[in-house]
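Asks: A single structure is presented below for examination.
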Amino acid sequence: MFREGGDKAARSMIHKDEGIDDDVTHRIKVGWLKWRVVTGVLCDKKVPLKLKGKFYRMAIRPALLYGSECWAIKKDYVRRMEAVEIRMLRWTCGRTLRDLTPNSTIRKSLGVDAVRRVESIIVDGARKRGRPMRKWVDCLRSDLKELALTEDMASDRKVWRLKTRFELYLFILTMDWTGTVLAVAALILLFQVLPWKTRAKTKRLPPGPRGLPILGNLLMVGSKPHRDLRLLALKYGPIMHLRFGFMPVIVVSSPEAAELFLKTHDLVFASRPPHEASKCICYNQQNLAFSPYGSYWRNMRKMCTLELLSNHKITSFRSMRKQELDLLVRRIREAATSAVAVDLSSEVTSFSTDVSCRMIIGKKYNRDDFGEKGFTATLREAMQIGSCFNLADYIPQIRVLDLQRLTKRMKAIAKDFDDFCEKIIEEHVQSEDENRVKDFVDVMLGFVGSEETHEYRVERDTIKAIILDMLAASMDSSAATIDWTMTELIRHPRVTKKLRNELESVVGTKRMVEESDLEKLEYLDMVIKESFRLHPAAPLLAPHAAREDCMVNGFHIPKDARIMINAWAIGRDQRVWTDADEFYPERFVGSDIDLGGHNFELIPFGSGRRGCPGMQLALTVVRLVVAQLVHCFDWELPDNMLPTELDMTEDFGLVCPRACHLLVIPTWRLKTF
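To convert a position in the sequence shown, counted from 1, into my numbering, add 377.
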């Protein structure tokens, strides 16, 4: 900054500290430190030059020039900065001084302008005839006048920052047509929200952090929302108020708070909020998981509970589960014979997919049903889109803009699934085999057009939505839980040995585990509970919606607020669990805590009206597979890896599996088979 005009705050730093040389040297060192961090990108020949330039302007230059607006600039400072920067840029382009390439050419190829004094900026735009050329100071003065900023405001930094940030925010919103639409939408929504804000002042909302205009607290949530929300809850409490876009969000992070929302006021919070992914993919939210509370949901829930997921129906598929489990054991035993590592994550996912498909649609899926992408990958993409923070869910007025480009992807997935489900339904309608075991599609087709004799109103779109719901709920959730349980058992040999001793005492070593053995395996139940506590399949339960205004624990919960239950945080609550981050199944000895949603310290399947109806099926599959894998095989990690070196990173979504697949070397241990 040159010494003309009156930014008091900037000049005050210059007057207090004359050590500008040291500051320049420090900024150059910081710039090189940043350079070394990202040199793998900037020096990669495969990265386009324009992209390198953008990366440089975003990552390196801010570190290099931080605070330079408060320097009393000398020509020597400009020269030193230019020398450092051009050296970085030439290395980025793979050029040295011997190449004789002009510096201007290097800058042009990267799109990086030269470092220079601010008063040397050329002001664009034509000037009227006879008028003097506009200088930078003239632009500065006109901008200050337009922003209604005065010299006195510079002495109060709080007022100065608030004023400049607000005006800059409005400028960004109106700089192009998209911003103009957003600005208009913001003004319209402002008038809609103001009355609610006025009412909210007289009512006590739960505590929570302040948010940004329009976006609210969305930027506080990263790629691992369950972890970010837990950290915020430690500061603001177990019932926390956030604002995502224009939607109030209540985050619940303790067993006591969860009981208030899921039991005491269960009926008030029994609905689901609008969900763009479910609207597009699941036929306007006709699936069981995201359909709003009402007669349709009650009838579908009753049909699924009594006709599809009853104990009798689950038992009828016992022989099928045994067939698929035998195939899984056979594949792993072949790998054990060759002493090679197996991808246990993929094997378990394949097993879970085959079991789910045979129960729901009557056959294993065809890997070519979805082209090159494949069935499992398409389903996971749909679940990933459904779990991401879609701005259209929280700022509905900008839905038509599709700023995140999610609508196009959702429509493509919806078409693929519609074709797939239509094909499945037609195969069942035209099937003449009356001796085969009826799957879920057969049961639902039996209710089509029978409104007069049954209370269920079932249409083809209803069947398609339920098919997708069942597949998504049963495939990845069970596989993820099995994967995490086996990971914890490998990391804790003591627990594995104790579980294996129980299996040998109940089953012996001459046969495999049967489903009838599961009720006798008490320690296995403790292991599964501990796995669900640390690694719930869905760390954030599907969001609830407030059907009306409600008072909970002295806090006002507004109508249509979204309720997010952080099951992951509840399972690691230090007040409830001793050594909450440790895998210790013995904590359940003598405890009456179960997984049915009656004990709110452990709610991986939710609770109340919106609890998971497929809990019994999921527990049967998880217990059986884990018991079989522990009973039949010894497990070692490849490359002499220690159990403590296992990567425990999770991949967040509607279901939270391991980020890295579990690779292990199996050894067959049964005496005869």
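Using N, Cα and C, we set each Cβ at its ideal position, and we do this for glycine too.
Buried or exposed, going by whether 16 or more other CB atoms sit within 10 Å of the CB of Tyr-443?
Replies: Here residue 443 refers to the residue found at position 66 of the sequence shown. By the neighbour-count rule (16 or more Cβ atoms within 10 Å), Tyr-443 is not buried but exposed.
Asks: At the level of alpha carbons, what is the spacing between Thr-473 and Thr-402?
Replies: In the sequence shown, the residue the question calls residue 473 occupies position 96. In the sequence shown, the residue the question calls residue 402 occupies position 25. Straight-line Cα distance between these residues: approximately 23 Å.
Asks: Do Cys-798 and Ile-867 come within 7 Å of each other at the CB atom, strictly closer than that value?
Replies: Position 490 of the sequence shown, counting from 1, holds the residue named residue 867. Position 421 of the sequence shown, counting from 1, holds the residue named residue 798. No, they are not a contact pair.
Asks: Nearest to Ala-436 by CA position, among Glu-459, Gly-408 and Arg-456, is which residue?
Replies: Taking the first residue of the sequence shown as position 1, residue 436 is located at position 59. Closest by alpha carbon: Gly-408.
Asks: So, at 6 Å on beta carbons, what are the nonlocal neighbours of Tyr-771 in its own chain, with the 5 sequence-adjacent residues on each side left out?
Replies: Within the sequence shown, residue 771 is the residue found at index 394, counting from 1. Only Phe-621, Gly-622 and Met-624 meet the Cβ criterion.
Asks: State yes or no: is the C-beta of Ala-857 within less than 7 Å of the C-beta of Pro-1034?
Replies: Against the sequence shown, residue 857 aligns to sequence position 480. Against the sequence shown, residue 1034 aligns to sequence position 657. Contact: yes.
Asks: What is the DSSP secondary structure of Cys-927, reduced to helix, strand or coil?
Replies: What you label residue 927 is simply residue 550 of the sequence shown in a count that begins at 1. Strand at Cys-927.
Asks: Run the CB neighbour count on Glu-1027, radius 10 Å, all protein chains shown included, and call it buried at 16 or more, exposed below.
Replies: On the sequence shown, residue 1027 is found 650 positions in, with the first residue counted as 1. Flag for Glu-1027 reads buried.
Asks: Would you mind stating whether His-1008 and Val-890 have Cβ atoms separated by less than 7 Å?
Replies: In the sequence shown, the residue the question calls residue 1008 occupies position 631. In the sequence shown, the residue the question calls residue 890 occupies position 513. Yes.
Asks: Apart from the five residues on each side of it in sequence, which residues of its chain come closer than 6 Å, Cβ to Cβ, to Ser-764?
Replies: Counted from its first residue, the sequence shown places residue 764 at position 387. Answer for Ser-764: Gly-1030 and Leu-1031, listed in chain order.
Asks: Inspect the beta-carbon positions of Pro-590 and His-618 and report whether they are closer than 7 Å.
Replies: Here residue 590 is taken as the residue at index 213 of the sequence shown, counted from 1. Here residue 618 is taken as the residue at index 241 of the sequence shown, counted from 1. No; because the gap between Cβ atoms is not below 7 Å, this pair is not in contact.
Asks: Excluding the five sequence neighbours on either side, which residues of its own chain have a C-beta within less than 8 Å of the C-beta of Trp-573, listed in chain order?
Replies: Sequence index remark: in the sequence shown, residue 573 carries index 196 (1-based). Note that Trp-573 has pLDDT 49, beneath the 50 cutoff, so the model's placement of it is unreliable and no number is given.
Asks: Using a threshold of 7 Å, state whether the C-beta atoms of Ser-729 and Met-852 are closer than that.
Replies: Residue 729 sits at position 352 when you count from the first residue of the sequence shown. Residue 852 sits at position 475 when you count from the first residue of the sequence shown. In contact: Ser-729 and Met-852 (Cβ atoms closer than 7 Å).
Asks: May I ask you to report which of helix, strand or coil DSSP gives Asn-594?
Replies: Numbered from its first residue, the sequence shown carries residue 594 at position 217. Note: Asn-594 maps to coil in three-state DSSP.
Asks: From Leu-487 to Pro-425, what distance separates their C-alpha atoms?
Replies: Here the question's residue 487 lines up with position 110 in the sequence shown. Here the question's residue 425 lines up with position 48 in the sequence shown. Between Leu-487 and Pro-425, the C-alpha separation is close to 9 Å.
Asks: Quick one: measure Cβ to Cβ for Ser-648 and Pro-669, integer angstroms, because I've assumed they're closer than 8 Å.
Replies: Here the question's residue 648 lines up with position 271 in the sequence shown. Here the question's residue 669 lines up with position 292 in the sequence shown. Rounded, the Cβ-Cβ distance is 5 Å, consistent with contact.
Asks: Sorted by chain position, which residues of the same chain lie with C-beta nearer than 6 Å to Gly-588's C-beta, five sequence neighbours on each side aside?
Replies: Counted from its first residue, the sequence shown places residue 588 at position 211. These residues qualify, in order along the chain: Asn-594 and Arg-620.
Asks: So which of Lys-815, Ile-762, Thr-839 and Gly-417 has the shortest CA-CA distance to Asp-795?
Replies: Translated into positions along the sequence shown, residue 795 becomes position 418. Checked all of Lys-815, Ile-762, Thr-839 and Gly-417; the closest Cα to Asp-795 is Thr-839.
Asks: Can you list, in chain order, the residues of its chain with a C-beta nearer than 8 Å to that of His-1038? Leave out the 5 residues immediately preceding and following it.
Replies: Walking along the sequence shown from the start, residue 1038 turns up at place 661. Taken in chain order, the residues that qualify are Asp-720, Leu-721, Ser-722 and Ser-723.
Asks: Taking 7 Å as the limit between beta carbons, can you name the residues of its chain near Asn-976, skipping five residues before and five after?
Replies: Along the sequence shown, one-based indexing puts residue 976 at 599. Counting only Cβ-Cβ distances below 7 Å, and skipping sequence neighbours, we find Ile-970.
Asks: What residue from Arg-877, Leu-1023, Ala-995 and Thr-1044 has the CA that sits closest to Ile-691's CA?
Replies: As a working note, residue 691 is residue 314 in the sequence shown. If we check each option's Cα against that of Ile-691, Ala-995 comes out closest.
Asks: From the DSSP output, in three-state form, read off Phe-1010 for me.
Replies: Counting from one through the sequence shown, the residue named residue 1010 turns up at place 633. Strand.
Asks: Taking DSSP as the reference, what is the three-state secondary structure of Phe-621?
Replies: Working through the sequence shown from its first residue, we reach residue 621 at position 244. The answer is strand: DSSP assigns Phe-621 an E or B state.
Asks: Can a CB atom of chain D be found closer than 7 Å to the CB of Asn-943?
Replies: Among the protein chains of the structure shown there is no chain D, as only one such chain exists.
Asks: What number of angstroms, rounded off, separates the C-alpha of Glu-879 from the C-alpha of Glu-892?
Replies: As a position in the sequence shown, residue 879 is number 502, starting the count at 1. As a position in the sequence shown, residue 892 is number 515, starting the count at 1. About 15 Å.
Asks: DSSP on Trp-1114, reduced to helix/strand/coil?
Replies: Because the chain spans 378 through 1050 in this model, residue 1114 falls outside it and cannot be assessed.
Asks: Output the distance between the C-alpha atoms of Lys-485 and Met-458, rounded to the nearest integer angstrom.
Replies: Position 108 of the sequence shown, counted from the start, is the residue given in the question as residue 485. Position 81 of the sequence shown, counted from the start, is the residue given in the question as residue 458. Each residue's alpha carbon lies about 18 Å from the other.
Asks: Between the C-alpha atoms of Arg-1000 and Pro-920, what's the straight-line distance to the nearest angstrom?
Replies: Counting from 1 along the sequence shown, the entry for residue 1000 is found at position 623. Counting from 1 along the sequence shown, the entry for residue 920 is found at position 543. So the two alpha carbons sit approximately 28 Å from each other.
Asks: When DSSP labels each residue in this structure, what does Phe-638 get in the three-state scheme?
Replies: The residue you call residue 638 lines up with position 261 of the sequence shown. Phe-638: helix per DSSP, three-state reduction.
Asks: What number of angstroms, rounded off, separates the C-alpha of Pro-916 from the C-alpha of Trp-945?
Replies: Reading the sequence shown from its first residue, position 539 is the one you call residue 916. Reading the sequence shown from its first residue, position 568 is the one you call residue 945. Their backbone Cα atoms lie some 5 Å apart in a straight line.
Asks: Beta carbon of Phe-817, beta carbon of Ile-737: below 7 Å?
Replies: Here residue 817 refers to the residue found at position 440 of the sequence shown. Here residue 737 refers to the residue found at position 360 of the sequence shown. Result yes, Cβ atoms of Phe-817 and Ile-737 sit closer than 7 Å.
Asks: Is Leu-665 closer than 7 Å to Met-677 when the C-beta atoms are compared?
Replies: One-based indexing of the sequence shown puts residue 677 at position 300. One-based indexing of the sequence shown puts residue 665 at position 288. Yes, the Cβ-Cβ distance between Met-677 and Leu-665 is below 7 Å.
Asks: Where do the N-terminal and C-terminal ends of the beta strand (DSSP E) with Ile-483 fall, by residue?
Replies: Stepping through the sequence shown from its first residue, residue 483 is reached at position 106. Run containing Ile-483: none in the beta strand (DSSP E); it sits in the alpha helix (DSSP H), 480-487.
Asks: Would you call Thr-469 buried or exposed, if buried means 16 or more other Cβ atoms sit within 10 Å of its Cβ?
Replies: Position 92 of the sequence shown holds residue 469. Buried, because 16 or more other Cβ atoms sit within 10 Å of the Cβ of Thr-469.
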